[in-house]
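Going by the working numbering, the sequence shown opens with residue 67, and the numbers climb by one from there. Backbone N, C-alpha and C define an ideal beta-carbon position, used for all residues, glycine too.
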Amino acid sequence: TLDADGQHRPEQLQAIFEEFVRGNWDMLIGSRRLGRRDSEGVPLGRRIGTSLFSLLVRLTTGKRIHDTSSGLKVIGSAVFEPLTYWHFVDFHAEAIVYLLRQGYSVGEFPITVERRTGGRSMYSTVSHFKYPLKTSLMVLLGMVQASLTRRER
């Protein structure tokens, strides 16, 4: 998946895809936070939200994922069917929790992004409150769905 907001650098696509194949990942997330200490230009609310969802994934799966809401992901065909069957829309924290609890491999690959230069974010003031609530509920639903289904190995 690739967000169409112009923030992702096309020259990084080959490297993330090569790591996806080399590491035999089921999902590989282009992480804006992996290996970075600075958060220059990242709004406080977004930093808090990212940290909270990272913590939620770790508490529910035992695995640390630094960037649960990245728009750049490589998703293998083996996980596409269960993700679409359960109607995961954003493939954010809720899908990550579901996949990890099902035993799929999810990893991160460091990327850099450009600042948005045009257009408007799809997130409004209201959605800054609605998104965390919705995603938290979806994480719980992902946990339930993972416990109700068995992955065929």
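Reduced DSSP category for residue i - H, G, I as helix; E, B as strand; rest coil
i	result
PRO109	coil
PHE175	strand
LEU100	coil
LYS139	strand
ILE131	coil
Selection from the options that minimises the alpha carbon distance to residue i
i	options	result
THR134	ARG112, GLU85 and VAL145	ARG112
LEU214	GLU147, GLU180, VAL123 and TYR164	TYR164
LEU149	TYR170, ARG124 and GLY137	TYR170
VAL145	GLU84, GLN73, GLN80 and ASN90	ASN90
VAL172	TYR151, ARG216, GLU85 and GLN211	GLU85
Within 8 Å, strictly: CB atoms of residue i and residue j
i	j	result
SER117	GLU174	no
GLU160	LEU207	yes
ILE114	ILE162	no
ILE82	ILE141	no
MET209	ARG167	yes
ARG99	GLU180	no
ILE95	SER136	yes
Integer-rounded CB distance, given that residue j should sit under 8 Å from residue i
i	j	result
MET93	LYS139	6 Å
HIS158	THR201	6 Å
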